[in-house]
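Down below is the structure, laid out as structure tokens.
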Amino acid sequence: LVCRDYSECSTLRYAGAEGRSSIAYREPINLADPWISSNWLHDKTNFEQLRLSRLFLAGLSWLDRSVGTLLDTLKQQRIAASSLVIAASDHGASFLGKGHAYEAGIRVPLLARWPDGLRSGRRLSKTAMLIDVAPSLLCAAATGRACGIGGGGVGVSV
Numbered sequence: 001l002v003c004r005d006y007s008e009c010s011t012l013r014y015a016g017a018e019g020r021s022s023i024a025y026r027e028p029i030n031l032a033d034p035w036i037s038s039n040w041l042h043d044k045t046n047f048e049q050l051r052l053s054r055l056f057l058a059g060l061s062w063l064d065r066s067v068g069t070l071l072d073t074l075k076q077q078r079i080a081a082s083s084l085v086i087a088a089s090d091h092g093a094s095f096l097g098k099g100h101a102y103e104a105g106i107r108v109p110l111l112a113r114w115p116d117g118l119r120s121g122r123r124l125s126k127t128a129m130l131i132d133v134a135p136s137l138l139c140a141a142a143t144g145r146a147c148g149i150g151g152g153g154v155g156v157s158v
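Residue numbering for the sequence shown follows UniProt numbering, starting at 1 and increasing by one per position.
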């Protein structure tokens with residue numbers, strides 16, 4: 001049994017609802033209610049967020065294709081093993097939150113490939129900034145080997 005308003009439900013409940021075992025109250029939806037109309041009666045899609053996400057994903061596709069082209073060229077020139085290739089990104093999917101000190105706003109990816117100079121699968125757990133890459137690059141260019149954390153570099157180079 002579904003009653004139309006709270007007083008009817010109460011009356012039926014106290015009256016025993018004419019032998020029925022359950023009574024349900026259904027609050028009518030008032031479409032004129034400002035809270036209902038502002039929160040539920042329109043498309044909540046954030047088109048600006050979608051546009052920015054599409055741009056970011058297009059940038060990732062471009063980076064993937066460009067790095068692939070670069071690696072193919074290095075391989076053709078037979079210098080892939082001795083070449084250091086680095087790809088870094090800004091904040092990924094959480095790029096709108098980078099004004100906050102939350103995890104997604106401060107952690108960024110940095111990928112490095114140098115078969116003759118770096119071990120694969122290594123993850124850096126120290127706090128570093130992209131500016132910390134510069135001393136590592138200078139040291140690697142001068143010595144031909146990986147420098148930085150665990151490699152005898154200065155500061156928090158990576």
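Every residue gets a Cβ at the ideal spot worked out from N, C-alpha and C, and that includes glycine. This one's a predicted model, so the numbers in the text were calculated from it and none came from an experiment.
| Item | Value |
| --- | --- |
| Residue 79 in three-state terms, based on DSSP | coil |
| Short Cβ contact (7 Å threshold) for residue 88 with residue 116 | no |
| Span of the beta strand (DSSP E) around residue 110 | 110-113 |
| N-terminal and C-terminal residue of the beta strand (DSSP E) that residue 87 is part of | 85-88 |
| Residue 129 classed as buried or exposed, judged by whether at least 16 other C-beta atoms fall within 10 angstroms | exposed |
| Three-way DSSP call (helix, strand, coil) for residue 65 in this model | helix |
| CB contact flag (residue 123, residue 85, <7 Å) | no |
| Cα-Cα separation between residue 55 and residue 47, rounded to whole angstroms | 12 Å |
| Residues near residue 141 in its chain [Cβ-Cβ closer than 7 Å; skip 5 each side] | none |
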